[in-house]
Amino acid sequence: MPPAAGSRPRSDADARVIAPPGRRLCEVTGNRQTGGYRIFSALDAAGPEPRAGQFYMLSAADAWGQRSGRPYLPRAFSVAEAHAADAGVRLDFLVEDVGPGTERLADLRRDEGLWVTGPLGRPFSYPRELGSDLAGAILVGGGVGLAPLAIHRRQLVERGVPVRTLVGFRDREHSGGVEELFGCCEVRLASEDGHVGHRGYVTELLAVLLEGDAARTAAVYACGPPAMLEAVRALCVEREVEAELAMEAPMACGFGACYGCAVPLAAGGYMRLCTDGPVVSAAEIETALVPGSGH
Amino acid sequence: MDVRVEIAGIELEHPVLNGSGTFDAIAARRAFGDALLADFPFSMFVSKTITPQPRAGNPPPRIFETPASMINSIGLPNKGLDGFLEHDLPRLSELPVPLCVSVMATSHGEFCCLVEGIASRHEVAALELNVSCPNVESGLIVGEQASETMSLLQAVRPITSKPLIVKLSPNVADPASIARAAEHGGADAISLVNTLKATAIDPGTLQPWLGAGRGGLSGPAIRAVALEQVRSVASSVSIPVIGMGGIEAGADALAFLAAGAAAVAVGTGNFRDPLAGARVRSELEAALAAGGRGSLPDRPRQVAPSTST
Numbered sequence: 502m503p504p505a506a507g508s509r510p511r512s513d514a515d516a517r518v519i520a521p522p523g524r525r526l527c528e529v530t531g532n533r534q535t536g537g538y539r540i541f542s543a544l545d546a547a548g549p550e551p552r553a554g555q556f557y558m559l560s561a562a563d564a565w566g567q568r569s570g571r572p573y574l575p576r577a578f579s580v581a582e583a584h585a586a587d588a589g590v591r592l593d594f595l596v597e598d599v600g601p602g603t604e605r606l607a608d609l610r611r612d613e614g615l616w617v618t619g620p621l622g623r624p625f626s627y628p629r630e631l632g633s634d635l636a637g638a639i640l641v642g643g644g645v646g647l648a649p650l651a652i653h654r655r656q657l658v659e660r661g662v663p664v665r666t667l668v669g670f671r672d673r674e675h676s677g678g679v680e681e682l683f684g685c686c687e688v689r690l691a692s693e694d695g696h697v698g699h700r701g702y703v704t705e706l707l708a709v710l711l712e713g714d715a716a717r718t719a720a721v722y723a724c725g726p727p728a729m730l731e732a733v734r735a736l737c738v739e740r741e742v743e744a745e746l747a748m749e750a751p752m753a754c755g756f757g758a759c760y761g762c763a764v765p766l767a768a769g770g771y772m773r774l775c776t777d778g779p780v781v782s783a784a785e786i787e788t789a790l791v792p793g794s795g796h
Numbered sequence: 320m321d322v323r324v325e326i327a328g329i330e331l332e333h334p335v336l337n338g339s340g341t342f343d344a345i346a347a348r349r350a351f352g353d354a355l356l357a358d359f360p361f362s363m364f365v366s367k368t369i370t371p372q373p374r375a376g377n378p379p380p381r382i383f384e385t386p387a388s389m390i391n392s393i394g395l396p397n398k399g400l401d402g403f404l405e406h407d408l409p410r411l412s413e414l415p416v417p418l419c420v421s422v423m424a425t426s427h428g429e430f431c432c433l434v435e436g437i438a439s440r441h442e443v444a445a446l447e448l449n450v451s452c453p454n455v456e457s458g459l460i461v462g463e464q465a466s467e468t469m470s471l472l473q474a475v476r477p478i479t480s481k482p483l484i485v486k487l488s489p490n491v492a493d494p495a496s497i498a499r500a501a502e503h504g505g506a507d508a509i510s511l512v513n514t515l516k517a518t519a520i521d522p523g524t525l526q527p528w529l530g531a532g533r534g535g536l537s538g539p540a541i542r543a544v545a546l547e548q549v550r551s552v553a554s555s556v557s558i559p560v561i562g563m564g565g566i567e568a569g570a571d572a573l574a575f576l577a578a579g580a581a582a583v584a585v586g587t588g589n590f591r592d593p594l595a596g597a598r599v600r601s602e603l604e605a606a607l608a609a610g611g612r613g614s615l616p617d618r619p620r621q622v623a624p625s626t627s628t
């Protein structure tokens with residue numbers, strides 16, 4: 502009999518890729534517009550290839566603090582894609598300009614320096630690691646949160662796992678990245694303003710899928726704004742579907758030092774999202790609506 | 320270059336420590352592997368503050384970025400004395416440097432139990448007393464009152480011969496008076512500064528941003544304030560002073576040493592650069608060499624207090 506949803510024991514023995522100690526200076530190799538977002542790339546000559554769901558702490562080598570002393574802290578970014586080559590690993594990140602940190606990162610120019618620490622944190626699991634009877638995956642992305650699902654989808658497909666991908670956007674201005682990051686694979690879209698795909702929430706598409714066989718044979722992986730993640734969490738816990746959420750929280754360091762990224766646990770107390778996440782199982786957290794996240 | 324220092328009888332390879340609560344050596348090893356131990360950034364490791372009972376910490380949000388600084392209200396999450404001794408101390412004893420354990424309690428009796436439980440362990444080289452807490456018996460913040468600080472030291476001093484470092488709060492009018500009280504009570508060293516009290520308002524709701532309402536400011540924005548407090552304290556006591564507050568570069572460390580600190584600590588700088596401690600040390604050595612100095616600066620002579628600002 503398969504274990505109940507979320508009963509998987511937490512341990513240090515997950516498949517995280519260990520980062521080289523400290524930060525290292527990488528070269529920005531590109532930065533392009535994709536809808537309302539930008540994709541910037543850096544060549545990581547000294548780092549390992551990350552697992553999907555892991556993240557990096559990023560800061561521009563120059564003019565970090567350009568807006569009256571902000572940004573000061575590095576910013577946490579889930580990696581959207583990673584391609585190993587002779588010169589190193591090319592890392593792609595998806596960014597939406599919403600504050601002083603993302604503004605500077607969205608403005609990175611080719612050949613600029615980028616400080617990089619990572620890969621950090623707990624990655625997504627593969628479906629068989631979540632339940633021996635789970636053979637497929639359903640990816641649910643919202644807004645710029647679709648980023649880690651791109652690399653996850655590729656790593657799943659390389660392992661022969663059938664994947665269904667759902668992505669939702671608020672409106673035309675807050676959308677992008679699908680063609681660049683998911684290529685020609687099939688992606689079912691939703692938008693709140695109806696400019697593309699299903700008019701409504703992406704979680705409505707998920708609910709329909711979970712009414713079929715998918716609920717018993719597939720694991721759900723989600724990343725997006727807190728309200729979307731909370732809807733996915735509640736839906737999957739209620740239907741006893743194995744689900745992993747890639748979350749965000751205000752984070753100063755990314756490696757367990759500052760204790761800033763507290764996320765409430767269902768069993769009481771808090772986890773540090775940077776070391777115990779950013780990928781969490783839906784059943785282990787109390788809520789995905791953590792005060793301060795989504796800013 | 321010889322940059323060894325001695326703090327309360329403990330020989331340190333160089334003068335760069337970490338501030339308590341700004342580097343979790345166990346979590347860092349999980350992120351970076353054992354390679355972290357080969358070039359450990361600090362000459363002594365100061366633990367996060369341990370309290371008698373486990374604490375979950377404050378509700379989120381716990382941090383807020385401010386210009387060249389940040390506000391935190393973490394709330395001292397920790398496993399409590401028993402959990403620390405069972406789970407964390409064995410891991411921390413694997414570090415290649417001496418271990419200083421930061422402790423905090425809210426009564427003399429609890430403080431004494433905590434100091435006894437920690438100081439009796441051979442893995443522990445020193446203890447740092449976090450006095451930015453209330454004494455429930457008096458209702459006063461220990462580190463904000465000279466009399467409270469002295470009486471706490473008098474209570475815990477007889478328990479151990481291991482070095483006791485008192486971590487001062489900057490949120491007082493005259494930190495030197497608190498430092499003198501700690502010295503008279505038997506402290507072996509002083510460390511300062513802790514964070515400056517601070518608040519952030521959510522621009523949308525106009526309510527306090529932090530889950531606990533208020534917190535403490537740290538980072539380069541407080542460096543000049545910290546430097547003056549270190550200078551003031553170092554010129555008022557004869558025990559060593561560990562200076563900290565916004566140190567992120569070798570030049571910053573050199574300024575604190577020139578102001579009278581015997582050693583320095585990197586705190587918030589660790590969040591930006593996990594190996595900031597190692598970088599500060601190498602930059603410090605380079606700055607000394609560039610200035611034609613073969614060793615660390617001498618402690619300034621004590622001078623009469625100035626009444627002018």
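So the sequences go chain by chain: A and B.
All residue numbers in the first sequence are consecutive under my numbering, ending with 796.
All residue numbers in the second sequence are consecutive under my numbering, ending with 628.
Cβ coordinates follow ideal geometry from the N, Cα and C atoms, glycine included.
So, does the stretch 488–499 of chain B touch the stretch 424–438 of chain B, judging by three or more C-beta pairs under 8 Å? no
Closer than 6 Å by C-beta to Thr776 (chain A): which residues in its own chain qualify, once you throw out the five before and the five after it? Chain order, please. The count along the first sequence starts at 1 and reaches residue 776 (chain A) at position 275. Around Thr776 (chain A): Gly757.
Cβ contact (3+ pairs, closer than 8 Å) linking the stretch 595–611 of chain B and the stretch 357–376 of chain B: yes
Taking the alpha carbon of Ser421 (chain B) as the reference point, which residue from B:Glu447, B:Asp407 and B:Ala568 has its own alpha carbon closest? As a first step, residue 421 (chain B) is located in the second sequence; it is residue number 102 there, counting from the start. For Ser421 (chain B), the nearest C-alpha among the options comes from B:Glu447.
Terminal residues of the alpha helix (DSSP H) in which Gln473 (chain B) lies: Residue mapping note: residue 473 (chain B) aligns to position 154 of the second sequence, counting from 1. That run of the alpha helix (DSSP H) goes Ala465 to Val475.
Do you know offhand how far Leu411 (chain B)'s Cα is from Gly588 (chain B)'s? Stepping through the second sequence from its first residue, residue 411 (chain B) is reached at position 92. Stepping through the second sequence from its first residue, residue 588 (chain B) is reached at position 269. Distance between the alpha carbons of Leu411 (chain B) and Gly588 (chain B): 21 Å.
Straight-line CA distance for Leu574 (chain A) to Thr603 (chain A)? As a working note, residue 574 (chain A) is residue 73 in the first sequence. As a working note, residue 603 (chain A) is residue 102 in the first sequence. Approximately 12 Å between the Cα atoms of the pair.
Does the stretch 390–399 of chain B come into contact with the stretch 370–377 of chain B, if we say contact requires no fewer than three beta-carbon pairs (one atom in each stretch) closer than 8 Å? yes
Does DSSP put Lys486 (chain B) in a helix, in a strand, or in coil? Against the second sequence, residue 486 (chain B) aligns to sequence position 167. Three-state result, Lys486 (chain B): strand.
Output the residue ranges of the beta strand (DSSP E) runs that lie fully inside the stretch 489–547 of chain B and measure 3 residues or longer, sorted by chain position. 508–511, 515–517 and 534–537
Measuring only from the beta carbon, is Val443 (chain B) closer than 7 Å to any heavy atom that is part of the ligand FMN? Here there are no bound small molecules, and the ligand FMN is not part of this structure.
Could you give the residue range of the beta strand (DSSP E) that holds Met269 (chain B)? This structure leaves residue 269 (chain B) out entirely; chain B is present only between 320 and 628.
Do Phe351 (chain B) and Ile519 (chain A) count as a contact pair if the criterion is CB distance below 8 Å? Sequence index remark: in the first sequence, residue 519 (chain A) carries index 18 (1-based). Sequence index remark: in the second sequence, residue 351 (chain B) carries index 32 (1-based). Result yes, Cβ atoms of Ile519 (chain A) and Phe351 (chain B) sit closer than 8 Å.
Taking only beta-carbon atoms, is Ile393 (chain B) less than 8 Å away from chain A? Numbered from 1 along the second sequence, position 74 holds the residue referred to as residue 393 (chain B). True, the Cβ-Cβ gap to chain A drops below 8 Å.
Using a 10 Å radius around the Cβ and a threshold of 16 neighbouring Cβ atoms, would you call Thr524 (chain B) buried or exposed? Position 205 of the second sequence, counted from the first residue, corresponds to residue 524 (chain B). It is exposed - the Cβ of Thr524 (chain B) has fewer than 16 other Cβ atoms within 10 Å.
Does any residue of chain A bring its CB to less than 8 Å from the CB of Arg381 (chain B)? Counting from 1 along the second sequence, the entry for residue 381 (chain B) is found at position 62. Judged by the 8 Å Cβ criterion, Arg381 (chain B) is in contact with chain A.
May I ask you to list, following chain order, the residues of the stretch 784–796 of chain A that have a beta carbon less than 7 Å from some beta carbon of chain B? Val791, Pro792 and Gly793
Is the CB of Ala424 (chain B) under 8 Å away from at least one CB in chain A? Here the question's residue 424 (chain B) lines up with position 105 in the second sequence. Ala424 (chain B) does not count as touching chain A.
Report yes or no: is there a C-beta of chain A within less than 8 Å of the C-beta of Ser388 (chain B)? Indexing the second sequence from 1 puts residue 388 (chain B) at position 69. Cβ-Cβ to chain A under 8 Å: yes for Ser388 (chain B).
From the DSSP output, in three-state form, read off Cys724 (chain A) for me. Reading the first sequence from its first residue, position 223 is the one you call residue 724 (chain A). Cys724 (chain A): strand per DSSP, three-state reduction.
Assign Pro726 (chain A) to one of two classes, buried (16 or more other C-beta atoms within 10 Å of its C-beta) or exposed (fewer than that). Residue mapping note: residue 726 (chain A) aligns to position 225 of the first sequence, counting from 1. Pro726 (chain A) comes out buried.
I want to verify the contact list: residues of chain B whose CB lies under 8 Å from the CB of Ala758 (chain A), in sequence order. Here residue 758 (chain A) is taken as the residue at index 257 of the first sequence, counted from 1. The answer, in chain order, is Thr341, Phe342, Asp343, Ala346, Ala347, Asn589, Phe590 and Pro593.
If we define contact as Cβ-Cβ less than 8 Å, is Thr603 (chain A) a contact residue for chain B? Locating residue 603 (chain A) in the first sequence gives position 102, where the first residue counts as 1. Not one chain B Cβ lies under 8 Å of Thr603 (chain A).
Quick one: what's Asp593 (chain A) bridged to in DSSP? Position 92 of the first sequence, counting from 1, holds the residue named residue 593 (chain A). The partner list for Asp593 (chain A) (beta bridge, DSSP) reads A:Ser542 and A:Glu582.
Contact list for Arg524 (chain A) against chain B, beta-carbon separation under 7 Å: Taking the first sequence and counting its residues from 1, one reaches residue 524 (chain A) at position 23. Neighbours of Arg524 (chain A) in chain B, taken as residues whose beta carbon is under 7 Å from its own, are Asp592 and Pro593 in chain order.
Please say whether Leu640 (chain A) and Val664 (chain A) have beta carbons closer to each other than 8 Å? Taking the first residue of the first sequence as position 1, residue 664 (chain A) is located at position 163. Taking the first residue of the first sequence as position 1, residue 640 (chain A) is located at position 139. Yes, the Cβ-Cβ distance between Val664 (chain A) and Leu640 (chain A) is below 8 Å.
Taking three-plus beta-carbon pairs below 8 Å as touching, is the stretch 460–478 of chain B in contact with the stretch 514–524 of chain B? no
As a quick exercise: from A:Phe556, A:Gly600, A:Ala577 and A:Pro572, pick the residue whose alpha carbon is nearest that of Ala583 (chain A). Locating residue 583 (chain A) in the first sequence gives position 82, counting from the first residue. The candidate whose alpha carbon is nearest that of Ala583 (chain A) is A:Phe556.
Determine, for Phe361 (chain B), whether the minimum Cβ-Cβ distance to residues of chain A falls below 8 Å. As a position in the second sequence, residue 361 (chain B) is number 42, starting the count at 1. No, because no Cβ of chain A sits closer than 8 Å to the Cβ of Phe361 (chain B).
Expressed to the nearest angstrom, what Euclidean distance is found between the alpha-carbon atoms of Glu705 (chain A) and Asn449 (chain B)? Within the first sequence, residue 705 (chain A) is the residue found at index 204, counting from 1. Within the second sequence, residue 449 (chain B) is the residue found at index 130, counting from 1. So the two alpha carbons sit approximately 51 Å from each other.
Nearest-angstrom Cα separation, counted from Ala545 (chain B) out to Ala747 (chain A): As a working mapping, residue 747 (chain A) is identified with position 246 in the first sequence. As a working mapping, residue 545 (chain B) is identified with position 226 in the second sequence. For Ala747 (chain A) and Ala545 (chain B), the distance between alpha carbons rounds to 39 Å.
Just the chain A side, please: which residues come within less than 7 Å of Gly530 (chain B) by C-beta, in chain order? Taking the first residue of the second sequence as 1, we reach residue 530 (chain B) at position 211. Going along chain A in sequence order, the residues near Gly530 (chain B) (Cβ under 7 Å) are Pro792.
Ordered along the chain, which non-local residues of its own chain (more than five positions away) have a Cβ less than 6 Å from that of Ser366 (chain B)? Here residue 366 (chain B) is taken as the residue at index 47 of the second sequence, counted from 1. Within its own chain, the residues whose Cβ lies closer than 6 Å to the Cβ of Ser366 (chain B), once the five positions on either side in sequence are excluded, are Val420 and Ser421, listed in chain order.
In this structure, does DSSP put Thr788 (chain A) in helix, strand or coil? Locating residue 788 (chain A) in the first sequence gives position 287, counting from the first residue. Thr788 (chain A): coil per DSSP, three-state reduction.
Distance between Gly554 (chain A) and Met502 (chain A) (C-alpha atoms, nearest Å): In the first sequence, counting from the first residue as 1, residue 502 (chain A) sits at position 1. In the first sequence, counting from the first residue as 1, residue 554 (chain A) sits at position 53. Note on Met502 (chain A): pLDDT 36, under 50, position unreliable in the model; no value is reported.
Phe364 (chain B): contacting residues in chain A (beta-carbon distance under 9 Å): The count along the second sequence starts at 1 and reaches residue 364 (chain B) at position 45. Result: empty, since nearest Cβ-Cβ is about 12 Å, beyond 9 Å.
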